[in-house]
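*Asks:* Each residue of the sequence shown is one higher than the one before, starting from 2 at the first, in this note's numbering. Before anything else, here's the structure in question.
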Amino acid sequence: MKTYDSIKEFAKSTTTAGLLRILLRLSDENILKLARSELKTIPYPEGREFMSKLLLLAKPVLKEACPSCRKRVLENFFVNNMVKSSKASDAFREKYGFDPPGTLVLNPSMRCNLRCYGCYTASYTKGSDMDEKLVYRILDEAKQMGIYFIVISGGEPFFNEMLFRMFEKYNDMFFQVYTNGTLLNEETVEKLCKVGNVMPCISVEGFEKETDGRRGKGAFAKIMNAMDLLKKHGALFGFSATATRENNDLIVCDEFIDFFVKKGCRVGWYFQYIPVGREPNLDLVPTPEQRIARGQKLRDARKRYPIMLSDFWNDGALIGGCIAGGRFYLNITVNGDVEACAFAHFAVDNIKDKSLTEVLQSDYFKAVRARQPFNRNLLRPCMIIDNPSVLRELVTLKGVHPTCPGAETILESLADRVDEIAEEYGKLADREWEISYKPYMNKTARG
């Protein structure tokens, strides 16, 4: 039996305390040796580097975390999500002929106390929350297919009183919550540490000037207080940042990354501004030059800082392009519409009417997966802004409909300019791919 298989078998039977003792004693070199056989199964070189960094960050994260967070990170994220899930996902693959997604995004509430310009969810219904029984049904179905990692978005998720009941009920799952951070007070943070299976990722736009400029005066001060509380109590947390033409360079500079590492963030998610939602503004889309530079700077920063940094629009080479349509994830709106991507506001099915498995087998989702990757250049992964003809083709399929007012704007009045941006970026991305990626990946494939 391979070494990694031995570790997996041990992980199933040993106690959390035993796993912790072993991990904390292992050197970085031995951690990578133990994981070598598993890392070899990742076909993309940058993906192997990313996973190696994740494994090496486990030690400092576990040392800093409070006891309940440490326990849930080990049990839910590493054992359940990476080990226990394999049996269920293997059974799903054998029965249906394709892999289940690794995660899903749930939007249990679209209520929010902020009104940020350019918010991609701004056009969704704000009034009601998702029915609690429906949330539980979705999570039960997710576990049946081997999904133990769930992303919660909104709106502002912490407006929904059901959230902590969900965390407690599904204490064998791990939840990442995108939040504006303004509701994370002492009481809320203590509750997060008590359940232990939640990682808040707080949205920032830069420093105080940039964050307050988009989110309102005083937002940055509340975020800083929330991060201080999370760090004090030993919670695992991170930041998320949306790159616009105005802040693109700032949010990838050393000063910014170093600041949030020192605040205690261990994860940083980067989004590209996509012209959807309320009053889409093409002037906010980063220039092609800015996007290329952002990718280069983040790849360099990953090597130098003790934090996991990921850019959904620049890191296609990590996982082979777009992850939408159930290839790795899908998005379920507060109304139950199941979108292939959180930024592509179209759906065929509603989760109230069909099971998660049935949704994944829809012609729409099958068509999305069949076309992936949408471009041989994995630096051009997106069907919305990199390969817009793909999205236009997909939405013509039978039953595909908008999930919120204005969803068609990017296909209609903005279409010509979106095509121009895709073409302009494509020229630079193709050159970057040929120079920085293609030789590396071809060499790996041959080796």
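Don't be surprised by glycine CBs; every beta carbon is placed ideally from N, CA and C.
1) Counting along the chain, where does the alpha helix (DSSP H) carrying Tyr97 start and finish?
2) Among residues of its own chain, excluding the 5 on either side of Arg303, which ones have a beta-carbon nearer than 6 Å to its beta-carbon?
3) Using a Cβ-Cβ cutoff of less than 8 Å, which residues in the same chain neighbour Leu184 once the five nearest sequence positions on both sides are dropped?
4) Which parts of the segment 207-268 are runs of the beta strand (DSSP E), unbroken and 3 residues or longer, counting only runs that do not cross its ends?
5) To the nearest angstrom, how far is the alpha carbon of Thr212 from that of Asn282?
6) Under the assumption that Asp338 contacts Ala345 (Cβ atoms under 8 Å), give the Cβ distance between them as a whole number of angstroms.
7) Taking just the CA atoms, how far does Ala92 sit from Thr245?
8) Residue range of the alpha helix (DSSP H) that Phe51 falls in?
9) Please name the residue or residues paired with Tyr426 in a DSSP beta bridge.
10) Is the CB-CB distance between Arg370 and Gly321 below 9 Å?
11) Where do the N-terminal and C-terminal ends of the beta strand (DSSP E) with Val106 fall, by residue?
12) In angstroms, rounded to a whole number, what distance separates the CA positions of Ile252 and Glu206?
13) With a threshold of 8 Å on Cβ separation, who are the neighbours of Ala416 within its own chain once the five nearest residues in sequence on each side are excluded?
14) With distances taken between CB atoms, is the gap from Leu331 to Leu105 smaller than 9 Å?
15) Please confirm whether Arg138 and Asn181 have their CB atoms less than 9 Å apart.
16) Determine whether the beta carbon atoms of Thr189 and Pro276 lie at a separation below 9 Å.
17) If we ignore side chains and look at the alpha-carbon of each, how far apart do Tyr365 and Cys70 end up?
18) Give a yes or no on contact between the segment 77-92 and the segment 129-136, applying the rule of three or more CB pairs nearer than 8 Å.
19) For Tyr306, which of Leu412, Glu247, Ile203, Gly269 has the nearest alpha-carbon?
20) First and last residue of the beta strand (DSSP E) that includes Asp301?
21) Just to check my reading of the structure: Met384 and Cys323 have Cβ atoms closer than 8 Å, yes? What is that Cβ distance to the nearest angstrom?
22) Could you say if the segment 285-305 and the segment 260-267 meet the contact criterion of at least three C-beta pairs nearer than 8 Å?
23) Taking only beta-carbon positions, decide if Pro281 is within less than 9 Å of chain B.
24) Do Gly155 and Arg279 have their C-beta atoms closer together than 9 Å?
25) How would you label Pro101, buried or exposed, when you count the other beta carbons within 10 angstroms and need 16 or more for buried?
26) If you run the structure through DSSP and keep just helix, strand and coil, what is Leu310?
27) Tell me Glu340's beta-bridge partners as DSSP assigns them.
28) Considering Val205, what are the terminal residues of the beta strand (DSSP E) in which it resides?
29) Report back the beta-carbon spacing between Ile151 and Leu107 to the nearest angstrom; my notes put them in contact at under 8 Å.
30) Please classify Asp387 as buried or exposed, where buried requires at least 16 other C-beta atoms within 10 Å of its C-beta.
31) Determine the direct distance from the alpha carbon of Ile308 to that of Ala294, and round the result to whole angstroms.
32) Mapping the DSSP letters down to three states, classify Ser124 as helix, strand or coil.
33) Alpha carbon to alpha carbon, how far is Ser129 from Met163? Give it in angstroms, no decimals.
34) For Glu256 and Gly48, I'd like the C-alpha separation in whole angstroms.
35) Do you know how far the Cα of Lys218 is from the Cα of Lys41?
36) Please list, in chain order, all residues of the same chain as Pro382 whose beta carbon is under 6 Å from its beta carbon, the five residues on each side excluded.
*Replies:* In brief:
1) 86-97
2) Leu310
3) Asn114, Glu157, Phe159, Phe160
4) 239-244
5) 18 Å
6) That belief does not hold up - the Cβ atoms of Asp338 and Ala345 are roughly 11 Å apart, past 8 Å.
7) 42 Å
8) 46-65
9) Beta-bridge pairing links Tyr426 to no other residue.
10) no
11) 104-107
12) 7 Å
13) Pro389, Arg393
14) yes
15) no
16) no
17) 38 Å
18) no
19) Gly269
20) Note, Asp301: premise wrong, no beta strand (DSSP E); alpha helix (DSSP H) at 289-305.
21) 6 Å
22) no
23) As a matter of chain content, chain B is missing from the structure shown, which is built from one protein chain.
24) no
25) buried
26) strand
27) Asn332, Ala348
28) 199-205
29) 6 Å
30) buried
31) 19 Å
32) Reliability of the predicted coordinates at Ser124 is poor, the pLDDT of 48 falling under 50, and the value obtained from them is presented with this limitation in mind. Reduced to three states, the DSSP call for Ser124 is coil.
33) 13 Å
34) 26 Å
35) 48 Å
36) Gly317, Gly322, Cys323
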